[in-house]
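My numbering puts the first residue of the sequence shown at 173, with every later residue one more than the last.
Every residue gets a Cβ at the ideal spot worked out from N, C-alpha and C, and that includes glycine.
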Amino acid sequence: MPRVILAPIFGVWFGLGIGSKVALGITLVFFIVFFNVYQGVREVSPNVLASARMLGANKTQLLRFVYLPSAMSWVFSSLHSSVGMAFVGAVVGEYLGSASGVGYLILQAESTFDINTVMAGILVLTAFALVLDWMVSLAEHHFMKWQPKGGRSEKL
173 MPRVILAPIF
183 GVWFGLGIGS
193 KVALGITLVF
203 FIVFFNVYQG
213 VREVSPNVLA
223 SARMLGANKT
233 QLLRFVYLPS
243 AMSWVFSSLH
253 SSVGMAFVGA
263 VVGEYLGSAS
273 GVGYLILQAE
283 STFDINTVMA
293 GILVLTAFAL
303 VLDWMVSLAE
313 HHFMKWQPKG
323 GRSEKL
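As structure tokens, this is what we get:
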């Protein structure tokens, strides 16, 4: 079942305000991020974990220096798709039940056959989605400086 179809239900439960859009966005991205983080934590090398424990790492240090770096690449890979999906959820929520926002503007322009406003709204949404993805990429480059770049081998 596509989770986007929950938008009308959230509109009834949470009203036409921001709450229904946030609930839809969270519903769309929660499982993507959760299972990617879960997989990242599961893929911690047992040798690295045993070495850290042998060196006297406590639970906090294991979390910070072993589990978090292992899950970080999984988190950012899921964020690239999740940010876009949350954005789609917000726009669909505005489109289906709202009195303001870009989705509402596009809906009103469609009803009057104003193609210029529809295309302008789509262009604004596209630009905003690209900016959000760029911001995720900036955060990824900032927090993942330690990771070698894809396609390049390490020099020994």
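Proximity of residue i and residue j at Cβ, strictly below 8 Å
i: VAL263; j: VAL274; result: yes
i: ALA243; j: VAL213; result: yes
i: GLY256; j: LEU188; result: no
i: ASP286; j: HIS252; result: no
i: GLY293; j: ILE278; result: yes
i: THR199; j: ARG236; result: no
Secondary structure of residue i, DSSP reduced to three states
i: GLN211; result: helix
i: TRP246; result: helix
i: SER254; result: helix
i: GLN233; result: helix
i: GLY293; result: helix
i: SER192; result: helix
i: PRO241; result: helix
i: MET307; result: helix
i: ALA271; result: coil
Nearest candidate by alpha-carbon position, reference residue i, set the options
i: GLN211; options: TRP246, GLY293 and VAL296; result: TRP246
i: PHE207; options: VAL176, SER250 and GLY197; result: SER250
i: SER254; options: ALA271, SER309 and PHE182; result: SER309
i: PHE259; options: TRP185, PHE186 and ILE190; result: ILE190
Proximal residues to residue i (C-beta, below 8 Å), its chain only, five neighbours per side dropped
i: GLN233; result: ALA224
i: PRO241; result: TRP318
Sequence-distant residues of its chain with Cβ nearer than 7 Å to residue i (five each side left out)
i: MET316; result: MET244, SER245 and PHE248
i: TYR239; result: VAL213 and VAL216
i: VAL209; result: ALA243, TRP246 and VAL247
i: ALA281; result: THR289, VAL290 and GLY293
i: PHE186; result: SER192 and ALA195
For residue i, the first and last residue of its enclosing alpha helix (DSSP H)
i: ALA281; result: 274 to 283
i: ARG225; result: 218 to 226
i: GLY183; result: 179 to 186
Spatial neighbours of residue i in its chain, beta-carbon cut-off 6 Å, leaving aside the 5 residues before and after
i: GLY265; result: ALA179, SER192, LYS193 and LEU196
i: GLU312; result: PHE248
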